[in-house]
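Numbering (this note's numbering), first residue to last: 452 to 759.
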């Protein structure tokens, strides 16, 4: 069996330290080691090599057009939130990680090019593919610069100027939420946040995950609440790979339980809640049921540029 070095615990320490730094940087440095100093531990491989595309490795497929969940970095490598989640799952299974690019799960799994596809929706499930788990939730949401502790309502948003990508699902969500206010349209979400930072608009309506990722570059900007139905992203695997699917599911449960998933999520999306349940803008009623791995899938997202 292959043994790999897991730094899941170190990732949790780093996440806690980063959060504690807001309150007391010196206290955090006294209480916890740095990421390099954190002890690692060996993890026994939990599955037989015969179940894997590549011995000793979990081969994970992601859609690199779905930034920031997955994207091609400046050095040509694939990076993103989904990749970091996959790395923690693989480490928990005692495996190395290999990442490949794919646009959907059915073809890449049926061809034997990957063990798992990350970023699957309920609509991806069929006779050949099973979808499970929930490592990311997103929805059309509102971002702004509310005063600390303030509650932003639908009426507040309707009375302000909202930046939105022209022709996007976000415009449709605003209409369905009956938030009829002044809209300023832009060609992509990056420009919306630039306008928010410059004070040209008071709020931005966009995909929650994309917005949370971008908002980190604009001090004081935060997630206000969802205005659309939630979509949950999960793991897709070949329906015949029951033993491997069970091992992957157990690894996902483990990183969810011990806080590793929360730490990775926070590193990419800041204060955006891992679960969007109960995080709807006050005064907005969402008629559609929450979309989970058994739901109807997600709407088209907003266009992003200059992601790094």
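All residues carry an ideal CB built from backbone N, CA and C; glycine is no exception.
Closer than 6 Å by C-beta to residue i: which residues in its own chain qualify, once you throw out the five before and the five after it? Chain order, please.
i	result
residue 510	504, 549, 565 and 566
residue 701	none
residue 556	568, 571, 575, 580 and 687
residue 404	Residue numbering for the chain in the displayed model covers 452 to 759; residue 404 lies beyond these limits and cannot be assessed.
residue 625	656
Please classify residue i as buried or exposed, where buried requires at least 16 neighbouring CB atoms within 10 angstroms.
i	result
residue 599	exposed
residue 528	exposed
residue 729	exposed
residue 506	exposed
residue 515	buried
residue 714	buried
residue 691	exposed
residue 670	exposed
residue 530	buried
residue 694	exposed
residue 658	buried
residue 716	buried
residue 589	buried
residue 615	buried
residue 501	exposed
Considering only the alpha carbon of each residue, which of the options lies closest to residue i?
i	options	result
residue 653	612, 706, 553 and 662	612
residue 641	625, 513 and 519	519
residue 596	677, 494 and 655	655
residue 674	560, 579, 601 and 513	601
residue 735	604, 707 and 617	604
residue 639	628, 686, 681 and 622	622
residue 570	682, 694, 695 and 692	682
residue 647	667, 660 and 630	667
residue 650	727, 664, 710 and 635	635
residue 547	494, 533 and 560	494
residue 583	573, 644, 563 and 718	573
residue 539	578, 712, 525 and 660	712
residue 563	689, 578 and 526	689
residue 593	631, 679 and 699	679
Please list, in chain order, all residues of the same chain as residue i whose beta carbon is under 7 Å from its beta carbon, the five residues on each side excluded.
i	result
residue 722	673 and 674
residue 534	513, 521 and 550
residue 474	The pLDDT assigned to residue 474 is 33, lower than 50, so where the model puts this residue is not dependable; a value taken from the coordinates is nonetheless given after this. Here the set comprises nothing.
Can you pull the DSSP bridge partners for residue i?
i	result
residue 689	580
residue 676	593
residue 684	587
residue 550	511
residue 529	523
residue 536	BP columns for residue 536 are empty, so no partner.
residue 733	604
*Quick one: complete beta strand (DSSP E) runs, 3+ long, within the stretch 561-618?*
You should have 567-571, 580-589, 591-595 and 612-616.
_Residue ranges of each alpha helix (DSSP H) within the stretch 632-674, 4 or longer_ = 640-649 and 659-666
*Mind listing, in chain order, the continuous alpha helix (DSSP H) runs of no fewer than 4 residues lying wholly within the stretch 687-731?*
693-708 and 711-720
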